[in-house]
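*Asks:* Protein chains in written order, with the UniProt record's numbering: chain S, 1 to 207; chain G, 1 to 207.
For glycine and all other residues, C-beta sits at the position ideal for the given N, C-alpha and C.
1) Pull out every residue of the stretch 126 to 144 of chain S whose Cβ sits closer than 9 angstroms to any Cβ of chain G, in chain order.
2) Just the chain S side, please: which residues come within less than 8 angstroms of residue 184 (chain G) by C-beta, in chain order?
3) For a contact meaning CB atoms closer than 8 angstroms, what does residue 158 (chain G) contact in chain S?
4) Does residue 167 (chain S) come within less than 8 angstroms of chain G when only Cβ atoms are used?
5) If we define contact as Cβ-Cβ less than 8 angstroms, is residue 104 (chain G) a contact residue for chain S?
6) Which word fits residue 40 (chain G), buried or exposed, when buried means at least 16 other C-beta atoms lie within 10 angstroms of its C-beta?
7) Considering only their Cβ atoms, is the gap separating residue 121 (chain S) from residue 26 (chain S) smaller than 8 angstroms?
8) Check whether the Cβ of residue 154 (chain S) lies closer than 8 angstroms to any Cβ atom in chain G.
9) Between the C-alpha atoms of residue 21 (chain S) and residue 52 (chain S), what's the straight-line distance to the nearest angstrom?
10) What's the C-alpha gap between residue 188 (chain G) and residue 161 (chain S)?
11) Under a CB-based cut-off of 8 angstroms, is residue 200 (chain G) close to chain S?
12) Of all the options S:106, S:88 and S:68, which has the alpha carbon lying nearest to the alpha carbon of residue 54 (chain S)?
13) Name the DSSP bridge partner or partners of residue 69 (chain G)?
14) Shorter than 8 angstroms from the beta carbon of residue 54 (chain S) to some beta carbon of chain G?
15) In the stretch 15 to 27 of chain G, which residues sit with their C-beta less than 8 angstroms from some C-beta in chain S, listed in chain order?
16) Who are the Cβ neighbours of residue 71 (chain G) in its own chain at under 7 angstroms, not counting the five residues just before and after it?
17) Anyone know if the C-beta pair for residue 191 (chain G) and residue 182 (chain S) falls short of 8 angstroms?
18) Roughly how many angstroms separate the alpha carbons of residue 138 (chain S) and residue 153 (chain S), rounded to a whole number?
19) Mark residue 37 (chain G) as exposed unless 16 or more other C-beta atoms lie within 10 angstroms of its C-beta, in which case mark it buried.
20) Nearest-angstrom Cα distance between residue 129 (chain G) and residue 12 (chain G)?
21) Output needed for residue 97 (chain G): all residues of its chain with C-beta closer than 7 angstroms, excluding positions within five of it in sequence on either side, in chain order.
22) Quick one: what's residue 75 (chain G) bridged to in DSSP?
23) Is there a Cβ from chain G that is less than 8 angstroms from the Cβ of residue 7 (chain S)?
24) Going by DSSP, name the residue or residues bridged to residue 34 (chain G).
25) Could you tell me which residues DSSP pairs with residue 165 (chain G) in its beta bridges?
26) In chain G, what lies closer than 7 angstroms to residue 161 (chain S) by C-beta?
27) So which residues on chain G does residue 164 (chain S) lean against when the C-beta distance must stay under 8 angstroms?
28) If you draw a straight line from the alpha carbon of residue 197 (chain S) to that of residue 175 (chain S), how long is it in whole angstroms?
29) Can you list, in chain order, the residues of its chain with a C-beta nearer than 8 angstroms to that of residue 146 (chain G)? Leave out the 5 residues immediately preceding and following it.
30) Can you give the beta carbon distance from residue 101 (chain S) to residue 7 (chain S), rounded, assuming they're within the 8 angstroms contact cut?
31) For residue 124 (chain G) and chain S, any beta-carbon pair shorter than 8 angstroms?
32) For the alpha helix (DSSP H) holding residue 204 (chain S), just list the boundary residues, first then last.
33) Assign residue 59 (chain S) to one of two classes, buried (16 or more other C-beta atoms within 10 Å of its C-beta) or exposed (fewer than that).
34) What is the DSSP secondary structure of residue 88 (chain S), reduced to helix, strand or coil?
35) On the DSSP letters alone, give me the boundaries of the alpha helix (DSSP H) that residue 10 (chain G) sits inside.
36) Out of G:157, G:80 and G:73, which one is the CA nearest neighbour of residue 113 (chain G)?
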């Protein structure tokens, strides 16, 4: 019997280190974890692989998927469509693979409504000063540009309490351990373990 | 602001390795984790320290604690009293210390009724064959004695699904990592983090 994977919704303001944390967690390419792969109608760029960077589909297919209600969310950007396929995610979870969905609070809210068992993780920078430093890492931006990035970050962060877990990324390795603990602990919940170990439990509890 | 500690109820049949796992988790004496210390009216034995091995109290004090409803559970064994003090545990949790309560399913049920936020962890051996081996590790016991130990183990295991998490102790280091992930992940839940980082959140979210 296979455990069903967990869906982790990971959100953060720019500068919190979300993408680096997810990349570090998945760097050894564990067979039982992956980032959700979006669908798009845009052409693949050199080096991009279908099913890895995106699921590349044509517009007719994409519209059929919309009609089939296959997406959690989709959008048209500069004439191309992008979407997060609920069906693809469910199929991955059914294989016992944990899926990471790297989306903002609005996407997170839609996914959580559709799949209340999804686990929300919000990543925060340790202080405003540090966030400002990270948002201006090259030291070349105008005060106006930085203020605008900061306003976006504050808007995103204002939704932190719609998530199940909160990680403060002050020290990268600590934050990575935190994310890892959340992922592994969620595999040990009764319901999943009961399913995964049903044969063993029957053996242990026989009269 | 201090995080409030979590109370972990840890149960298992004999032979599952519960005590070794808790001991291994606490071996470096982390300041923010401890095993719950029971109260008793029996005399301290050589090498036992008050407040470490037991809280040693006299019968009048113990009876006063019973009257004050200070115990989750208490029992009289061979003329001496033993009890698990809810008040002591609450004071420890208030200091931000996680507390481990090493008790059987009956004690676990009482504690969970009194403190529904307590987190139950059940530890299982990987198979019946392995459990039998562990219950007869010296190879000197009669079939009858082993059968009786096995019956006790099955009775305890039959309550596994009253717990929040299930750990299968097949490989000790893996099981220790599992227990550790559960402890650390539970520190990252929104409610606790919100309290611990209230100042930081105010700083981050200021207009």
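*Replies:* In brief:
1) Taking 9 angstroms as the Cβ-Cβ cut-off against chain G, the residues of the stretch 126 to 144 of chain S that qualify are 126, 127, 128, 129 and 131.
2) As a position in the second chain, residue 184 (chain G) is number 184, starting the count at 1. Near residue 184 (chain G) (Cβ distances below 8 angstroms), the residues of chain S are 177, 178, 181 and 185.
3) Numbered from its first residue, the second chain carries residue 158 (chain G) at position 158. Chain S residues near residue 158 (chain G): 205.
4) Residue 167 (chain S) sits at position 167 when you count from the first residue of the first chain. Answer yes: the Cβ-Cβ gap between residue 167 (chain S) and chain G drops below 8 angstroms somewhere.
5) By 1-based counting over the second chain, the position of residue 104 (chain G) is 104. So no, residue 104 (chain G) is outside the interface.
6) Indexing the second chain from 1 puts residue 40 (chain G) at position 40. Residue 40 (chain G) is classed as buried because its beta carbon has at least 16 other beta carbons within 10 Å across all chains shown.
7) Start at 1 with the first residue of the first chain, and residue 26 (chain S) comes out as number 26. Start at 1 with the first residue of the first chain, and residue 121 (chain S) comes out as number 121. Cβ distance not < 8 angstroms, so residue 26 (chain S) and residue 121 (chain S) don't count as in contact.
8) Walking along the first chain from the start, residue 154 (chain S) turns up at place 154. At least one C-beta of chain G is nearer than 8 angstroms to the C-beta of residue 154 (chain S).
9) The sequence position of residue 21 (chain S) within the first chain is 21, counting from 1. The sequence position of residue 52 (chain S) within the first chain is 52, counting from 1. Those two C-alpha atoms are separated by around 19 angstroms.
10) Stepping through the second chain from its first residue, residue 188 (chain G) is reached at position 188. Stepping through the first chain from its first residue, residue 161 (chain S) is reached at position 161. Approximately 12 angstroms, taken between the alpha carbons.
11) For the purposes of this step, residue 200 (chain G) is taken as the residue at position 200 of the second chain. Residue contact check for residue 200 (chain G) against chain S: a CB pair falls below 8 angstroms.
12) Here residue 54 (chain S) refers to the residue found at position 54 of the first chain. Comparing Cα-Cα distances from residue 54 (chain S) to each of S:106, S:88 and S:68, the minimum goes to S:88.
13) Indexing the second chain from 1 puts residue 69 (chain G) at position 69. Answer is none; residue 69 (chain G) lacks a bridge partner.
14) Residue numbering aside, residue 54 (chain S) sits at position 54 when the first chain is read from its first letter. Cβ-Cβ to chain G under 8 angstroms: no for residue 54 (chain S).
15) Of all residues in the stretch 15 to 27 of chain G, none has a Cβ within less than 8 angstroms of some Cβ in chain S.
16) Taking the first residue of the second chain as position 1, residue 71 (chain G) is located at position 71. Cβ neighbours of residue 71 (chain G) beyond the five flanking positions: 65, 83, 84, 85 and 86.
17) Here residue 191 (chain G) refers to the residue found at position 191 when the second chain is read from its first residue. Here residue 182 (chain S) refers to the residue found at position 182 when the first chain is read from its first residue. Not in contact: residue 191 (chain G) and residue 182 (chain S) (Cβ atoms no closer than 8 angstroms).
18) If you number the first chain from 1, residue 138 (chain S) lands on position 138. If you number the first chain from 1, residue 153 (chain S) lands on position 153. About 18 angstroms.
19) Here residue 37 (chain G) corresponds to residue number 37 of the second chain, with the count starting at 1. Buried.
20) Counting from 1 along the second chain, the entry for residue 129 (chain G) is found at position 129. Counting from 1 along the second chain, the entry for residue 12 (chain G) is found at position 12. Looking at the two C-alpha atoms, the distance is approximately 16 angstroms.
21) The count along the second chain starts at 1 and reaches residue 97 (chain G) at position 97. 5, 32, 33 and 34, listed in sequence order.
22) Here the question's residue 75 (chain G) lines up with position 75 in the second chain. Beta-bridge pairing links residue 75 (chain G) to G:82.
23) Against the first chain, residue 7 (chain S) aligns to sequence position 7. No, its Cβ sits nowhere closer than 8 angstroms to a Cβ of chain G.
24) Against the second chain, residue 34 (chain G) aligns to sequence position 34. Under the DSSP definition of a beta bridge, residue 34 (chain G) partners with G:99.
25) As a working mapping, residue 165 (chain G) is identified with position 165 in the second chain. For residue 165 (chain G), the pairing in a beta bridge is given by DSSP as S:189 and G:121.
26) For the purposes of this step, residue 161 (chain S) is identified with residue 161 of the first chain, where counting begins at 1. Chain G residues near residue 161 (chain S): 190 and 194.
27) By one-based count along the first chain, residue 164 (chain S) stands at place 164. In chain order: 189 and 190.
28) Reading the first chain from its first residue, position 197 is the one you call residue 197 (chain S). Reading the first chain from its first residue, position 175 is the one you call residue 175 (chain S). Residue 197 (chain S) and residue 175 (chain S): Cα-Cα distance of roughly 30 angstroms.
29) What you label residue 146 (chain G) is simply residue 146 of the second chain in a count that begins at 1. Take residue 146 (chain G), set aside five residues on each side of it, and the residues of its chain with a beta-carbon closer than 8 angstroms to its own are 132, 135 and 136, in chain order.
30) Within the first chain, the letter at position 101 stands for residue 101 (chain S). Within the first chain, the letter at position 7 stands for residue 7 (chain S). Taking a contact as a CB-CB distance under 8 angstroms, the pair residue 101 (chain S) and residue 7 (chain S) counts as one, their CB atoms being some 6 angstroms apart.
31) Locating residue 124 (chain G) in the second chain gives position 124, where the first residue counts as 1. Interface residue, yes.
32) Locating residue 204 (chain S) in the first chain gives position 204, where the first residue counts as 1. Unbroken alpha helix (DSSP H) run through residue 204 (chain S): 198 to 205.
33) Here residue 59 (chain S) is taken as the residue at index 59 of the first chain, counted from 1. Result: exposed.
34) Residue numbering aside, residue 88 (chain S) sits at position 88 when the first chain is read from its first letter. Assigned with DSSP and collapsed to three states, residue 88 (chain S) falls in helix.
35) If you number the second chain from 1, residue 10 (chain G) lands on position 10. Residue 10 (chain G) -> not in any alpha helix (DSSP H); beta strand (DSSP E) instead, spanning 7 to 11.
36) Here residue 113 (chain G) corresponds to residue number 113 of the second chain, with the count starting at 1. With respect to the C-alpha of residue 113 (chain G), the residue from G:157, G:80 and G:73 having the closest C-alpha is G:73.
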